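Using the numbering used here, you'd call the opening residue of the sequence shown number 13 and step up by one each time.
Single-structure report; data block below.
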Amino acid sequence: MFNFFSKKHIKRRQRLAMQRPMTSLLERDILAISDELEYDYQNWVAAYVDRQHKASFDGGVTTAYRAISISDGALFWLVTHVEKKFAYHSEKLDPLDAVRDAERAWIDRKAVRRQWHKVEQQARDLLIGRVKLKVTVDDAMRSPLCGMGIREFMRRNYMQNVSQMSGRFAAILMKIDPQVGFAINQAFLRHRAETS
13 MFNFFSKKHI KRRQRLAMQR PMTSLLERDI LAISDELEYD YQNWVAAYVD
63 RQHKASFDGG VTTAYRAISI SDGALFWLVT HVEKKFAYHS EKLDPLDAVR
113 DAERAWIDRK AVRRQWHKVE QQARDLLIGR VKLKVTVDDA MRSPLCGMGI
163 REFMRRNYMQ NVSQMSGRFA AILMKIDPQV GFAINQAFLR HRAETS
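Structure representation (structure tokens):
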């Protein structure tokens, strides 16, 4: 039942346990070292999730779970949907706002995925040098990707101080994680708006 964690992990688990409403301090202390706080790793974000601290919407179709990032200790809502393979990491304070944030992102992702062949063509054009374009972190943040996932991807690939990159390099990164295509697509949209 009990696990032994590093000081950093213990601090993260204690902070997450303190978020659970309607529990005593003793229960929160026990929660921090128990198996009730689950480890989760999705979209580059390693976190602990409290599956009992949740808010369900649409009859349980969408659920927001309170969670904490292991790398920086940021609290967030892990939003899941019964029809989605991966959850969305929302930094909104309110679970309803987090669900709305996730639903907007899922709708926008679906729209881009319908035209994914164009995104792949854009990446090929960047890779072979047919098109020259800078892809910025702002492009990624404006895309339907979650901000936490973007920051963790940048951190884990030693690019946390990078604000922009060549389109060719972004196309190479798309080979590592296809979701970079969303940032590439957003960069093309920005470029089109700037040149028209």
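C-beta: ideal position from N, C-alpha, C; glycine also.
Note that the structure is a prediction, hence the values are computed from the model and not measured.
(message) Going by the DSSP bridge assignment, what does F69 pair with across the sheet?
(response) Counting from 1 along the sequence shown, the entry for residue 69 is found at position 57. For F69, which the question treats as bridged, DSSP gives the partners T74.
(message) Less than 8 angstroms between the C-beta atoms of M160 and F88, yes or no?
(response) Locating residue 160 in the sequence shown gives position 148, where the first residue counts as 1. Locating residue 88 in the sequence shown gives position 76, where the first residue counts as 1. Yes, Cβ-Cβ distance for M160 and F88 is below 8 angstroms.
(message) Quick check on I45: does DSSP put it in helix, strand or coil?
(response) If you number the sequence shown from 1, residue 45 lands on position 33. Helix.
(request) For L90, name the three-state secondary structure that DSSP assigns. (result) Here residue 90 corresponds to residue number 78 of the sequence shown, with the count starting at 1. It is a strand residue.
(request) Kindly indicate the opening and closing residues of the alpha helix (DSSP H) around Q31. (result) Mapped onto the sequence shown, residue 31 falls at position 19. Per DSSP, Q31 belongs to no alpha helix (DSSP H) and is neither H nor E.
(message) Among D150, R136, K130 and L90, whose alpha-carbon lies nearest the alpha-carbon of F181?
(response) Here residue 181 is taken as the residue at index 169 of the sequence shown, counted from 1. Among D150, R136, K130 and L90, the Cα nearest to that of F181 is on R136.
(message) Just to confirm the assignment, what range does the beta strand (DSSP E) spanning T148 have?
(response) Mapped onto the sequence shown, residue 148 falls at position 136. Element bounds for T148: K146 to T148.
(request) Give the range of the alpha helix (DSSP H) segment to which Q133 is assigned. (result) Position 121 of the sequence shown, counted from the first residue, corresponds to residue 133. First-last of the alpha helix (DSSP H) with Q133: W128 to I140.
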